[in-house]
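Q: My structure is below; once you've seen it, I'll send some questions.
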Amino acid sequence: MPRKGYKQTEEHKEKNRFVHLKKNLSDETIRKMSEARLGKIPWHKGKTGVYSDETLEKMRIAKLKIWQDENYKQNMKKIHLKENLSEETLQKMREIHLYKHTSPQTEFKKNHIPWNKGKTGIYSEETIGKLREIAKKRFGNKKIHPMYGKHHNRKTRLEMSKVKTGYIPWNKGIKCPQFSGDKHPNWQGGRTSLTIKIRGSFEYRQWRSDIFMRDNFVCQECGQISGNLNAHHIRPFSSIIQYYEITTIEEALNCEALWNINNGITLCEKCHKKIKSSRNKNLVN
Ligand SMILES: [Zn+2]
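Position one of the sequence shown corresponds to residue 46 (the working numbering), numbered consecutively onward.
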C-alpha cells in the first residue's frame, strides 16, 4: 500500500492492474503470490476506518461499473448457461459440483480444522439477527424457490441419487446452538414438540385404548371393524391446547379436557381422513 500523498504513475497503475487480475503473470509468480499469502494475516485485519467514506464510495461505483458492464454480463450468462465452454472447463465444473477439487490448495482435506470450530460469539447478536432476517426473506416465501410446484423427472432423480450415494453431508452430527430450537427462523413456538410429547405419553395411549374399548373397535361412521382405526378428537386437540394455554407436557397431563373420553370417537382411517380434510388441515387431531 503506498504511503499517503504518494501518487501512482499511469505505468505503475497499469502494472498493478495486471497483478490484481493475475494477467500476463508467469505460473511461478502466481504460485509465489499465493504461497506468500498462505497463513499471512491481512494488513487491514481488525482495523476499521482504513478507507475514507469517499474511497469506499469510489470502490462501490467501480464494482457497480464492472457488474453493469454488458461484456461481463454476457460472459456470466454464458458460464451460467454453459454456452461456448470448452470440454475441459465443463469437466472442471462437474468435478467441483461433485466436491472433487482439482487444486490441492482448495480441495477438501481430511482432519482439517476450520477456523471457526468450537468458537462461539463470532457474530454479534445484531449480526445474527440480520442473518436471520435475510434467511426469512429468502426462504420464508416458498413460492420464490425455482423448483416450487415442479418435480424432477425420473431420470434426473436417479442421477441425483447416484451422485449422493455414499456421500456424507457436511452437517452430519454437527450441532449449531446459534440456530437451534427457538433461534431457528422456522421456529413455530414449540408447537410440534409438545404435541409429539403428548402423543407419545402413556396417558394418550390410555385415552386411545379407552375409546376403542368403548366403541368395540368399530368405526362409528361406516361400521368397519378391521383395518387401521383412529381415535378422533371431536373437539380439536390443538383448540384445547390453545384454549387452556398449555405450553408444557405437565400442564397437558393435568388438563382434564384433553383426556375426556366423551371427546373421542373411533373412526377408520378413511372416515378420519374425510373428517380431517373437511376441517382445517393445520389443526392437529
Ligand atoms: Zn369408517
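All C-beta atoms, glycine included, are put in the ideal place defined by N, C-alpha and C.
As the structure is a computational prediction, the values presented were derived from the model and not from experiment.
1) Any heavy atom of ligand 1 inside 6 Å of the beta-carbon of S267?
2) So does C221 have its beta carbon nearer than 6 Å to some heavy atom of ligand 1?
3) Taking only heavy atoms of ligand 1 into account, decide whether any of them is closer than 6 Å to the Cβ of C300.
4) Could you have a look at T74 and say whether DSSP puts it in helix, strand or coil?
5) On a CA-only basis, which of S169, I286 and M121 is nearest E39? Give me that one, please.
6) Please name the residue in T172, K162 and N307 whose C-alpha comes closest to that of C221.
7) Between which residues of its own chain and K123 is the CB-CB distance below 8 Å, once the five residues before and five after are set aside?
8) Secondary structure at T311, three-state DSSP: helix, strand or coil?
9) Can you tell me which of the three DSSP states N116 falls into?
10) Starting from the N-terminal side, write out each stretch of the beta strand (DSSP E) that is 3 residues or longer and does not extend beyond the segment 217 to 303.
A: Quick answer:
1) According to the sequence displayed, residue 267 carries Cys and not Ser. True, at least one ligand heavy atom lies under 6 Å from that Cβ.
2) The closest heavy atom of ligand 1 lies 6 Å or more from the beta carbon of C221.
3) False, no ligand heavy atom lies under 6 Å from that Cβ.
4) In this structure, T74 counts as helix in the three-state DSSP scheme.
5) Coverage of the chain is limited to positions 46 through 330, which leaves residue 39 absent and any answer about it impossible.
6) When C-alpha distances from C221 are compared across T172, K162 and N307, the shortest belongs to K162.
7) If you ignore the 5 residues before and after K123, its C-beta comes within less than 8 Å of the C-beta of N129 and L130, all in its own chain and listed in chain order.
8) Strand, per DSSP.
9) Under the three-state reduction of DSSP, N116 is assigned to helix.
10) Taking only runs of at least 3 residues, the beta strand (DSSP E) segments lying wholly in the segment 217 to 303 are 274 to 278.
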